Structure formats: C-alpha cells, structure tokens
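Trainee: Residue numbers (the numbering used here): 1 to 497.
For each residue, glycine too, the CB sits at the ideal point set by N, CA and C.
Bear in mind the structure is a predicted one, so any value in this text is a computation, not a measurement.
My questions will all concern the structure given below.
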Ligand code: GLN
C-alpha cells in the first residue's frame, strides 16, 4: 500500500486535485500505516480515525463537485497535533495523568485553521508532560522513540511531532516551543521545525506553559511544506491577546536564494563549552554552503545571551506555576477520591496527577515568586530579558538572519541524562530566541560524522521577519540531498495491498 504520509504537501494537494488519488485513499493509507509503524515509535497518543475519514470525504466531495478552490492549501494533507492543543472530538492530555481523561470542549485556533485549510487530522501526539522537557521521557504514557534509532530519545517536548514526521506517519505536524521544543526534536529527528516569531500563530486553545514565551509552529520534511503549513495556521486571532496580523506569505521567498544576504554568526555560540565537534562541523559546513550560494557572513555579538538559560529557568517556572494552578482537581484534572477536606484533596490530586518534572517546575515557580525571593530572581530575569532583546535588535541591524547550532549534541539514549540541570542544557542555543520573541527554525543538514544521527542547524530571524530565515533555509536546503525519512519507514509498514 502506498504510504501517502511520505508525500509532500504540494504532491498530495496536486494529486488529489488531479484525481490521481482520493483524500480517502490518503487518509486510509496513513491510518493503516500508523497502526503498523507506531508500535515501534509511539508518536501517537490517540488516532482520530473517524475525524480523518470524515474530513477526507468532505474534500473528495468538494473535488467531485468542482469546488476545488474551497479545498484550502492543505487539502488532503495528513497532519497531527501535539497533545497540548485542543481539538474537538479528541482528548487533550498534555501527556499527563492530570488530564488523562480530559476531552476537548472546543478547538484551538491553530488546529481549526489547519483543518479549515483542508488538512486531514490523524490524531494527537506524545510530548513531555505539559511540555517540560527535552526528551519526551516525562510523558505519563511512556516515551516516544527516535525513528533513526529506537534506543534513543526523539528530543522534546514536541518529540511525538518530530518522530511522526521523521517516520512518515504524517506529512506535517504542529508542535509548541517555549524554549526549544520544536527546534530541538526537529534536529534530533532530522526534520524541519519552525518556531515563528512570538505572536505569529495564535495560542488560543493550546495549554499554556509560559505564556510570554509559548509559540506554536509546524514540523515537516521540507522548508516548503513547513511554509505552507505556517501560511495555513498564522494570522490575527483576537482570542490570543499577543496575536499579530503579520499578513505574511511564508512561501513568497522560497526560491529567492541568498545572494547578497548578510548572515550573522555568533562566535560565543560556536565556542560554547559542550558543543560537540560533529555538530559544530555541520554548522561550519552550512556556513560554507551559504557562502557558496552568495551570502556574506558577519560576526555578531549577543553579550547577554550567556544569561539566557538562567533567565529562562526563572521566567519559565514562574509562569508555569501560575498557568498550572488551574489544574485543581475540581474544575479540571485528576481527582484523588475519598478526601474529607479540600486541602488534602488538592494535595493528593496534584501530588499524584503531576509527574516529577512538573512538580519541580511548580515548586520552583512558587518559590521564585514568593515574597522576598521575587526581587532577587524574577525581577533581574525580566531585566536580562530586555537586555537579550536589545542584543538581538542590534545584531539584526547588521544581518538578515543568524546561523547557529540548535542543540549541543545529537539524540541521546534513554535514561542517559538523569540530572535535570544537564537536560536543561539541551536548550542552550534556543531559549534566547524565545526570550527575545524572534523566529527560529531547525533545518536538517545530514548525519553527524561520529554518531551517524541527524543534525540540524538553527536559523534565527528578527521578530516578524520570519520570511528571512525561511528564505535562507530554503536556499541552504538545496545543498543537501539526504533523506528526511528514517530508514525503513518511507514505504510504510502497512504491507502490500
Ligand atoms: N526543554 C525546555 C524545557 O524543558 C523547553 C521546553 C519547551 O520549549 N516547551 O523547558
């Protein structure tokens, strides 16, 4: 059976429009493939078969009635959503026991927009609990495995989103990124992951982690596919007060190349202790490739970026503490039975409903916001944020985008990193981008020389100039012809017809 999830957006849309195959065939092939392939990967927490087939039939009906124009830019494209995004007719668990039984009562804007653009919704994807983590190991429902090596993590927190695309179980997925959660798993799984500028995609209906940093974005196998998806899900939404009407066509500059483009490189990132040689070599190779394509490199300084991790691990937990207060076992969430008073019900329900890392973030946030402590930590972290934002503004006066590593190393083995502070270092090159509200994306550039595992490079753009990094990424992508689907998954696992 053909595995249509291995196709690109344009291929699927055009094929359906030309009646080479139907949306129902696409949906059915993807569902059969997931049933076979996901036993190895565990990217999906829920497969929404009825929703997928229903949407496919709607598209097929529109095509057969000649209403092609109504079908949208993702017509027939198999997508799946991170499980912190509400979708009518599905559970939204955030990979937590706390929300294991929760069913969405409405749809997130990004989900509704993707479906409104014709996407076929295959299901909901595994993640680190409430998006805290870099490995998907903190999921209450068990970890997702990296399709390139199932003994290794797919990254996180959008590990299911990256693994589903890398194993050709979906063409496009949506993830969320608060400190690196789209870019780091994209890098670990060898796919494209775009965290747009803060405000480009509405977060309405997406369970909040740190609301001043959270952003939704697409993961896909090519820059073009990601740009199509971003066109579908972006735009002003008055239900997210930080949403911005960018009116950008993210596909507009895909073919423009980088001739004459000034690209920044941050020496402190390249010399960072902990950056693996094979990752550094890939970033240098990408720089050479961009130069060959006509870009000019300029060294830029981000003098306060070294404080980004500290600021992030103050601001993030403080906001998470506040956002997670709503899971009180009364209005939402797991309720531990048999308690005589509310206090002990809260304590037992939250104690049992949240996993260890989530409890750690809540307790840290609670402490950091307490009287006397607030001034020592939260206030300086907010000041650091202003300084980092200013650093980036100055850098972007000289360059159109910045090339950097995504993450210091390739995918690690399960259980390899047990110290939470070492896990946090996965995000050393990504968090400053969220802090400043810029766009950032990971582009796969082949396999590392030592590990043989996928490596991504990061492109960073000024806020609301995401098309700059997409333009550079599309040009750079043309220098690599490596496969984007992990070995053994392209043909699908559903067997011959
Ligand atoms: N890994 C980071 C953290 O644990 C980032 C998570 C994210 O972007 N959601 O906080």
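Per DSSP, what kind of secondary structure is residue 200 in: helix, strand or coil?
Mentor: Position 200 of the chain shown, counting from 1, holds the residue named residue 200. Note: residue 200 maps to coil in three-state DSSP.
Trainee: Is the region 24-38 close to the region 67-79, with three or more CB pairs under 8 angstroms?
Mentor: Yes, the region 24-38 touches the region 67-79.
Trainee: Considering only the alpha carbon of each residue, which of 256, 126, 21 lies closest to residue 293?
Mentor: The sequence position of residue 293 within the chain shown is 293, counting from 1. The residue with the shortest Cα to Cα distance from residue 293 is 256.
Trainee: Taking only runs of the alpha helix (DSSP H) that begin and end inside the region 201-242, which ones reach a length of at least 4 residues, in chain order?
Mentor: Listed in chain order, the complete alpha helix (DSSP H) runs (minimum 4 residues) inside the region 201-242 are 223-233.
Trainee: Could you tell me if residue 404 is buried or exposed, where buried requires 16 or more neighbouring beta carbons within 10 angstroms of its beta carbon?
Mentor: As a working note, residue 404 is residue 404 in the chain shown. With 16 or more other Cβ atoms within 10 Å, it is buried.
Trainee: Using DSSP bridges, identify the partner residues of residue 124.
Mentor: Your numbering for residue 124 matches position 124 in the chain shown. Its beta-bridge partners are 46, 81.
Trainee: Is residue 490 closer than 8 angstroms to residue 36 when the C-beta atoms are compared?
Mentor: Indexing the chain shown from 1 puts residue 36 at position 36. Indexing the chain shown from 1 puts residue 490 at position 490. Contact: no.
Trainee: Is the beta carbon of residue 555 sitting closer than 8 angstroms to the one on residue 68?
Mentor: Outside the shown range of the chain (1 to 497) lies residue 555, about which nothing can therefore be said.
Trainee: Taking contact to mean 3 or more Cβ pairs, one atom from each stretch, closer than 8 angstroms, check whether the region 2-13 and the region 462-478 are in contact.
Mentor: The answer is no - the region 462-478 does not touch the region 2-13, with fewer than three Cβ pairs under 8 angstroms.
Trainee: What did DSSP end up calling residue 444 once you bin it into helix, strand or coil?
Mentor: In the chain shown, residue 444 corresponds to position 444, counting from 1. Residue 444: strand per DSSP, three-state reduction.
Trainee: Can you tell me which of 145, 208, 225 puts its alpha carbon nearest to the alpha carbon of residue 189?
Mentor: Along the chain shown, one-based indexing puts residue 189 at 189. That would be 145, whose Cα lies nearest to the Cα of residue 189.
Trainee: Smallest Cα separation from residue 484: which of 66, 247, 220, 85?
Mentor: To locate residue 484, count along the chain shown from 1; it is residue 484. For the residues 66, 247, 220, 85, the minimum Cα distance to residue 484 belongs to 220.
Trainee: Rounded to a whole number of angstroms, what is the C-alpha to C-alpha distance between residue 267 and residue 445?
Mentor: Taking the first residue of the chain shown as 1, we reach residue 267 at position 267. Taking the first residue of the chain shown as 1, we reach residue 445 at position 445. Distance between the alpha carbons of residue 267 and residue 445: 20 angstroms.
Trainee: Can you find the residues in the same chain that come closer than 6 angstroms, C-beta to C-beta, to residue 482, ignoring five residues on each side of it along the sequence?
Mentor: Counted from its first residue, the chain shown places residue 482 at position 482. Excluding sequence neighbours, residue 482 sits near 446.
Trainee: Is residue 316 near the ligand GLN, in the sense that its beta carbon is under 7 angstroms from a heavy atom of that ligand?
Mentor: Translated into the one-based positions of the chain shown, residue 316 becomes position 316. Yes, Cβ of residue 316 sits closer than 7 angstroms to a heavy atom of the ligand GLN.
Trainee: Which residues in the same chain have their Cβ closer than 7 angstroms to the Cβ of residue 269, if we skip the five residues on either side of it in sequence?
Mentor: Residue 269 sits at position 269 when you count from the first residue of the chain shown. Hits under 7 angstroms: 404, 405, 429.
Trainee: Whole-angstrom Cβ separation of residue 152 and residue 413, contact assumed at under 8 angstroms?
Mentor: Reading the chain shown from its first residue, position 152 is the one you call residue 152. Reading the chain shown from its first residue, position 413 is the one you call residue 413. With 8 angstroms as the limit, residue 152 and residue 413 qualify as a contact, their Cβ atoms being about 5 angstroms apart.
Trainee: Might you give, ordered along the chain, the residues of its own chain that have their beta carbon closer than 6 angstroms to the beta carbon of residue 492, omitting 5 neighbours on each side?
Mentor: For the purposes of this step, residue 492 is taken as the residue at position 492 of the chain shown. Cβ within range, chain order: 3, 33.
Trainee: For residue 104, does the three-state DSSP call read helix, strand or coil?
Mentor: Position 104 of the chain shown, counted from the first residue, corresponds to residue 104. DSSP places residue 104 in coil when its eight states are reduced to three.
Trainee: Could you tell me whether the region 112-121 touches the region 131-147, using the rule of 3 or more Cβ pairs below 8 angstroms?
Mentor: Cβ pair count under 8 angstroms is below three, so no.
Trainee: So what's residue 402 in DSSP terms, helix, strand or just coil?
Mentor: Here the question's residue 402 lines up with position 402 in the chain shown. Reduced to three states, the DSSP call for residue 402 is strand.
Trainee: In angstroms, rounded to a whole number, what distance separates the CA positions of residue 91 and residue 356?
Mentor: Residue numbering aside, residue 91 sits at position 91 when the chain shown is read from its first letter. Residue numbering aside, residue 356 sits at position 356 when the chain shown is read from its first letter. Taking the straight line joining both Cα atoms gives about 22 angstroms.
Trainee: Measure the C-alpha to C-alpha separation of residue 181 and residue 157 and round it to an integer number of angstroms.
Mentor: Working through the chain shown from its first residue, we reach residue 181 at position 181. Working through the chain shown from its first residue, we reach residue 157 at position 157. Cα to Cα, residue 181 sits roughly 5 angstroms from residue 157.
Trainee: Terminal residues of the continuous alpha helix (DSSP H) containing residue 97?
Mentor: The count along the chain shown starts at 1 and reaches residue 97 at position 97. Note, residue 97: premise wrong, no alpha helix (DSSP H); not H, not E.
Trainee: Are the beta-carbon atoms belonging to residue 459 and residue 441 less than 8 angstroms from one another?
Mentor: For the purposes of this step, residue 459 is taken as residue 459 along the chain shown, with counting starting at 1. For the purposes of this step, residue 441 is taken as residue 441 along the chain shown, with counting starting at 1. Yes, the Cβ-Cβ distance between residue 459 and residue 441 is below 8 angstroms.
Trainee: Hey, is the region 154-174 in contact with the region 118-138, meaning 3+ C-beta pairs nearer than 8 angstroms?
Mentor: Flag = yes, the region 154-174 and the region 118-138 touch.
Trainee: Examine the Cβ distances between the region 162-177 and the region 198-218 and report whether three or more of them are shorter than 8 angstroms.
Mentor: With a cut-off of 8 angstroms, the region 198-218 and the region 162-177 count as touching, because enough Cβ pairs lie within range.
Trainee: Return yes when the C-beta of residue 209 is under 7 angstroms from any heavy atom of the ligand GLN, and no when it is not.
Mentor: In the chain shown, the residue the question calls residue 209 occupies position 209. Yes, the beta carbon of residue 209 sits closer than 7 angstroms to at least one heavy atom of the ligand GLN.
Trainee: Am I right that residue 197 and residue 434 are in contact with their C-beta atoms under 8 angstroms? What's the rounded C-beta distance?
Mentor: Residue mapping note: residue 197 aligns to position 197 of the chain shown, counting from 1. Residue mapping note: residue 434 aligns to position 434 of the chain shown, counting from 1. With a Cβ gap of about 10 angstroms, residue 197 and residue 434 do not count as contacting.
Trainee: If you draw a straight line from the C-alpha of residue 548 to the C-alpha of residue 339, how long is it?
Mentor: Residue 548 cannot be examined here, being either before or after the span of the chain that is shown, 1 to 497.
Trainee: Using only the alpha-carbon positions, how far apart do residue 370 and residue 136 sit?
Mentor: The sequence position of residue 370 within the chain shown is 370, counting from 1. The sequence position of residue 136 within the chain shown is 136, counting from 1. Cα to Cα, the separation comes out at about 30 angstroms.
Trainee: Taking the alpha-carbon positions, what's the residue 232 to residue 111 distance?
Mentor: As a working mapping, residue 232 is identified with position 232 in the chain shown. As a working mapping, residue 111 is identified with position 111 in the chain shown. About 10 angstroms.
Trainee: Indicate, with yes or no, if the ligand GLN has a heavy atom lying under 7 angstroms from the CB of residue 134.
Mentor: Taking the first residue of the chain shown as 1, we reach residue 134 at position 134. Checking every heavy atom of the ligand GLN against the Cβ of residue 134, one is found closer than 7 angstroms.
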